[in-house]
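>
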Amino acid sequence: MHEKRSLSRRDFLKIAGAAGGVASLAGVGLAGWDSGATGQAHTGWQSEQGLVIFNREPFRVDKPTYGLAKAIPDRLDGREVIFNRDTALKAQWYTSKKGEAGLDGWMIDYYAKFPEKLQLDRVRNEKIEPERVENQKKYGNQYIMSQIWSAAWSAVSVPRSDLPEKTDLEGLQKPAYKIKDPAAMSRLIKKVTMTFGATMVGIAKFNPAWVYSHAGADGRGYKRGDPINIPDWWQYAIAFGVPHEWDIVKSNPTYGTSSDAYNRSSIAAARLVTFIKRLGYPAREESPNGGYDTMVPPILIDAGLGEQGRFGFCITPECGGNFRPAVVFTNLPLVPDKPINMGLKSYCMECKICAEQCPSRAIPFDEPKEIRGVVKWTISHERCFNYWRSVVGSGSCRICLALCPWSRKDAWLYNMTKSMLSRDPTGLMAKMSVEAQKFLYENPDPQTYYAPTNASVRPPEWWMQNDPFIEIPSAQGASVPIWDALQEEALLDNALDL
Amino acid sequence: MFDNGLLWFVVGVGATLAVFGFNEWLNEKQVSFNWWQWLLTVGWALFLAFTIAFTTINLAAQEVRAGVLGLVILGIVAIVWAVLGWYYVLRRKFAKTS
Numbered sequence: 237m238h239e240k241r242s243l244s245r246r247d248f249l250k251i252a253g254a255a256g257g258v259a260s261l262a263g264v265g266l267a268g269w270d271s272g273a274t275g276q277a278h279t280g281w282q283s284e285q286g287l288v289i290f291n292r293e294p295f296r297v298d299k300p301t302y303g304l305a306k307a308i309p310d311r312l313d314g315r316e317v318i319f320n321r322d323t324a325l326k327a328q329w330y331t332s333k334k335g336e337a338g339l340d341g342w343m344i345d346y347y348a349k350f351p352e353k354l355q356l357d358r359v360r361n362e363k364i365e366p367e368r369v370e371n372q373k374k375y376g377n378q379y380i381m382s383q384i385w386s387a388a389w390s391a392v393s394v395p396r397s398d399l400p401e402k403t404d405l406e407g408l409q410k411p412a413y414k415i416k417d418p419a420a421m422s423r424l425i426k427k428v429t430m431t432f433g434a435t436m437v438g439i440a441k442f443n444p445a446w447v448y449s450h451a452g453a454d455g456r457g458y459k460r461g462d463p464i465n466i467p468d469w470w471q472y473a474i475a476f477g478v479p480h481e482w483d484i485v486k487s488n489p490t491y492g493t494s495s496d497a498y499n500r501s502s503i504a505a506a507r508l509v510t511f512i513k514r515l516g517y518p519a520r521e522e523s524p525n526g527g528y529d530t531m532v533p534p535i536l537i538d539a540g541l542g543e544q545g546r547f548g549f550c551i552t553p554e555c556g557g558n559f560r561p562a563v564v565f566t567n568l569p570l571v572p573d574k575p576i577n578m579g580l581k582s583y584c585m586e587c588k589i590c591a592e593q594c595p596s597r598a599i600p601f602d603e604p605k606e607i608r609g610v611v612k613w614t615i616s617h618e619r620c621f622n623y624w625r626s627v628v629g630s631g632s633c634r635i636c637l638a639l640c641p642w643s644r645k646d647a648w649l650y651n652m653t654k655s656m657l658s659r660d661p662t663g664l665m666a667k668m669s670v671e672a673q674k675f676l677y678e679n680p681d682p683q684t685y686y687a688p689t690n691a692s693v694r695p696p697e698w699w700m701q702n703d704p705f706i707e708i709p710s711a712q713g714a715s716v717p718i719w720d721a722l723q724e725e726a727l728l729d730n731a732l733d734l
Numbered sequence: 396m397f398d399n400g401l402l403w404f405v406v407g408v409g410a411t412l413a414v415f416g417f418n419e420w421l422n423e424k425q426v427s428f429n430w431w432q433w434l435l436t437v438g439w440a441l442f443l444a445f446t447i448a449f450t451t452i453n454l455a456a457q458e459v460r461a462g463v464l465g466l467v468i469l470g471i472v473a474i475v476w477a478v479l480g481w482y483y484v485l486r487r488k489f490a491k492t493s
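Protein chains in written order, with the numbering used here: chain Z, 237 to 734; chain Y, 396 to 493.
#1: Would you grab the beta carbon distance between N679 (chain Z) and I589 (chain Z) for me? Rounded to a whole angstrom, and I think it's under 8 Å.
#2: How far does the alpha helix (DSSP H) with P461 (chain Z) in it reach, from first residue to last?
#3: Closer than 7 Å by beta-carbon distance: list the chain Z residues that pair up with L415 (chain Y), in chain order.
#4: Return helix, strand or coil for G713 (chain Z), following the three-state DSSP convention.
#5: Assign V437 (chain Y) to one of three DSSP states: helix, strand, or coil.
#6: Does G407 (chain Z) come within less than 8 Å of chain Y when only Cβ atoms are used?
#7: Can you tell which of Z:A687, Z:P604 and Z:E592 has its C-alpha closest to the C-alpha of S626 (chain Z)?
#8: Would DSSP call I308 (chain Z) helix, strand or coil?
#9: What are the start and end residues of the alpha helix (DSSP H) that includes V670 (chain Z)?
#10: Quick one: is K486 (chain Z) near chain Y, going by C-beta distance under 8 Å?
#11: What does A473 (chain Y) reach in chain Z if we use C-beta pairs closer than 9 Å?
#12: Does the region 447-458 of chain Z touch the region 398-410 of chain Z, meaning 3 or more C-beta pairs lie closer than 8 Å?
#13: Verify whether the separation of the beta carbon atoms of F413 (chain Y) and T446 (chain Y) is less than 8 Å.
#14: If you count every other CB in all the chains shown that lies within 10 Å of the CB of P524 (chain Z), and 16 or more means buried, which is it?
#15: Applying the 10 Å Cβ sphere with the 16-neighbour rule, what's the burial state of P595 (chain Z)?
#16: Rounded to whole angstroms, what is the Cα-Cα separation between A448 (chain Y) and G409 (chain Y)?
#17: I'd like the span of the alpha helix (DSSP H) that includes M656 (chain Z), first residue to last.
#18: So who's on the other strand from E543 (chain Z), going by DSSP bridges?
#19: Answer yes or no: does any C-beta atom of chain Z fall closer than 8 Å to that of V467 (chain Y)?
#20: Could you please tell me which residues of the region 403-414 of chain Y, in chain order, have their CB closer than 9 Å to any CB of chain Z?
#21: Is the beta carbon of D462 (chain Z) sitting closer than 8 Å to the one on A451 (chain Z)?
#22: What residues of chain Y sit near G268 (chain Z), judged by a beta carbon separation below 8 Å?
#23: Within the chosen definition, does the region 636-643 of chain Z reach the region 604-611 of chain Z through at least 3 CB pairs nearer than 8 Å?
#24: Is the region 644-658 of chain Z in contact with the region 452-472 of chain Y, if contact means three or more CB pairs nearer than 8 Å?
#25: Would you say R460 (chain Y) faces chain Z, with C-beta separation under 8 Å as the test?
#26: Bridge partners of I439 (chain Z), per DSSP?
#27: Taking T331 (chain Z) as the reference, which of Z:Y346, Z:I318 and Z:N361 has the closest Cα?
#28: Could you pull out every residue in the same chain whose Cβ sits closer than 7 Å to the Cβ of L541 (chain Z), ignoring the five residues on either side in sequence?
#29: Taking 8 Å as the CB-CB limit, is G275 (chain Z) close to chain Y?
#30: Determine, using beta carbons only, whether G557 (chain Z) and P533 (chain Z) come nearer to each other than 8 Å.
#31: In the DSSP output, which residue or residues are listed as bridge partners for E606 (chain Z)?
#32: How many Å lie between E423 (chain Y) and G416 (chain Y) at the Cα?
#33: What does the Cβ neighbour count give for P572 (chain Z), buried or exposed, with the cut at 16 atoms within 10 Å?
#34: Could you spell out where the alpha helix (DSSP H) holding P418 (chain Z) opens and where it closes?
#35: At a cut of 8 Å, does the region 614-625 of chain Z reach the region 350-365 of chain Z through at least three beta carbon pairs?
#36: Kindly indicate if chain Z contains any beta-carbon less than 8 Å away from that of W420 (chain Y).
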């Protein structure tokens with residue numbers, strides 16, 4: 237006969253307590269896993285529900301954290317922008333087959349002032365791009381799926397704008413509705429811009445210093461070199477951002493693309509322009525697909541969306557640099573936001589991960605410097621673009637924004653860290669965080685991003701790979717020498733001193 | 396999937412049971428804690444939970460190195476915390492009551 241055993245109240249509580257403890261720890265672990273893996277952690281995807289929230293009010297300041305050496309900074313000539321300059325160089329030097337004799341007066345003057353830029357621009361066109369064509373044949377098949385995905389994003393686009401006096405005034409509601417309260421209208425504009433797809437929205441007083449002095453290329457009603465006259469209805473700048481698809485960003489540079497966020501931000505801008513015009517007020521989009529008359533990052537900073545980071549982007553508390561912005565100019569009565577100081581500039585002074593990890597060494601290690609009257613970080617656009625043009629697959633790069641510690645997912649662990657960084661005036665948290673970032677988180681060897689290794693920041697997700705979806709020849713695997721930016725520059729007559 | 400109210404309800408119930416069960420165990424052993432001993436114990440439990448969460452969040456976010464290193468470093472701290480707590484607090488209290 238078995239002795240009947242009864243469970244005492246105390247034993248029951250002890251067993252239940254032990255089981256409860258294990259269940260709690262397992263639950264915390266599961267919640268943690270979910271916080272890191274779920275699509276809800278892909279920052280910005282929740283935007284249309286207004287779920288991405290960083291309360292900027294405690295961090296508002298009267299002046300932005302970039303410095304001004306002049307009361308009114310000089311305007312940038314759009315022809316200097318490397319994409320425009322490269323297009324002009326291709327047409328004048330190479331397509332015309334006239335070489336240096338084919339350059340127009342502006343290009344001659346510019347390259348006389350910056351001879352090292354001509355050398356790097358020529359290296360790109362004469363060496364890097366032809367080598368990439370060969371590398372693409374050898375290794376490019378691996379990245380076909382992400383290229384197809386990128387092309388699909390570009391399939392729907394918004395038309396490019398014409399001159400302001402034409403496009404900005406088309407389709408206006410007449411007479412314009414009288415605005416009751418600019419503050420209320422500002423809240424409405426932010427709300428509807430989020431419904432159009434933006435993750436964060438801010439409003440700045442229009443600053444003419446950020447508008448290009450001259451058009452950089454033919455288009456938008458301008459001829460290259462035409463002066464850009466500022467119409468009097470550009471009084472406010474509505475600035476907003478749309479995040480990149482997460483998995484693509486993490487698999488930069490080879491699988492990377494900007495087409496998704498370019499497209500989303502451009503379409504959001506076009507919708508916002510229509511919304512404002514239907515209220516009866518002129519509006520002009522400055523967007524990736526619609527075109528630009530202006531630099532964008534300083535407008536985002538003035539509108540309080542973030543601060544300038546070491547790699548030149550506006551870094552926001554929600555997305556870090558992992559987003560693409562657009563701006564709408566208008567005279568709809570609004571109330572501008574103040575800029576913010578969330579400790580980002582101090583953090584960037586300590587961090588330098590982007591500079592250490594940039595395969596082209598385009599990102600400066602030193603402090604912000606004055607350029608055109610603004611004290612800020614400026615990258616070497618030539619080095620950056622030369623690396624872009626060497627990348628197999630995407631032909632572009634976003635490693636800096638993928639590895640920026642502020643670009644991490646919308647998981648509580650990362651958000652808590654960013655919140656603490658923003659609230660620590662001593663800078664101690666920043667120092668500790670930077671050390672933890674460099675010790676704990678994987679930062680690949682920058683040389684491995686070059687052919688023939690063609691590494692990515694993190695392995696690509698399943699849906700970016702060819703297998704098991706399509707039959708395609710595998711890479712030939714032929715070895716080519718790793719292209720070394722610094723070694724290449726050392727061969728030039730004037731080695732750059734960044 | 397797991398990040399919902401039901402999960403946190405289960406975690407809350409589990410944590411409550413763990414506190415009651417632990418207290419019952421102490422009563423059985425006729426050991427009583429003062430305020431700082433409870434503080435150290437609850438702090439250790441929260442630290443253990445943070446260790447697990449840090450590891451799983453980073454692993455799920457494809458930050459494998461951070462997840463593994465975090466588990467090792469924070470795990471060692473949690474073990475040292477537990478051993479010191481046992482050696483300097485619990486062991487002596489149990490010795491007094493036996």
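Where a beta carbon is used, it is the ideal one built from N, C-alpha and C, also for glycine.
Just so you know, these numbers come straight off a predicted model, no measurement behind them.
With the given structure in hand:
#1: 7 Å
#2: According to the sequence displayed, residue 461 (chain Z) carries Gly and not Pro. Unbroken run through G461 (chain Z): none, as it is neither H nor E.
#3: Looking at the sequence provided, one finds Phe at residue 415 (chain Y) rather than Leu. Within 7 Å Cβ-Cβ: L249 and G253.
#4: Note that G713 (chain Z) scores a pLDDT of 47, beneath 50, so its modelled location is shaky; the value from the coordinates is reported in the next line. G713 (chain Z) falls in the coil class under three-state DSSP.
#5: helix
#6: no
#7: Z:A687
#8: coil
#9: L664 to L676
#10: yes
#11: Going along chain Z, no residue has its Cβ under 9 Å from A473 (chain Y), so there is no contact; the nearest lies around 11 Å.
#12: yes
#13: Looking at the sequence provided, one finds Ala at residue 413 (chain Y) rather than Phe. No; because the gap between Cβ atoms is not below 8 Å, this pair is not in contact.
#14: buried
#15: buried
#16: 16 Å
#17: W648 to S658
#18: Z:I551
#19: no
#20: W403, V405, V406, G407, V408, G409, A410, T411, L412, A413 and V414
#21: yes
#22: I447, A448, F449, T450, T451, I452 and A455
#23: no
#24: yes
#25: yes
#26: Z:I474
#27: Z:N361
#28: M436, G438, A475, G477, C550 and T552
#29: no
#30: no
#31: Z:V611
#32: 10 Å
#33: buried
#34: P418 to T431
#35: yes
#36: yes
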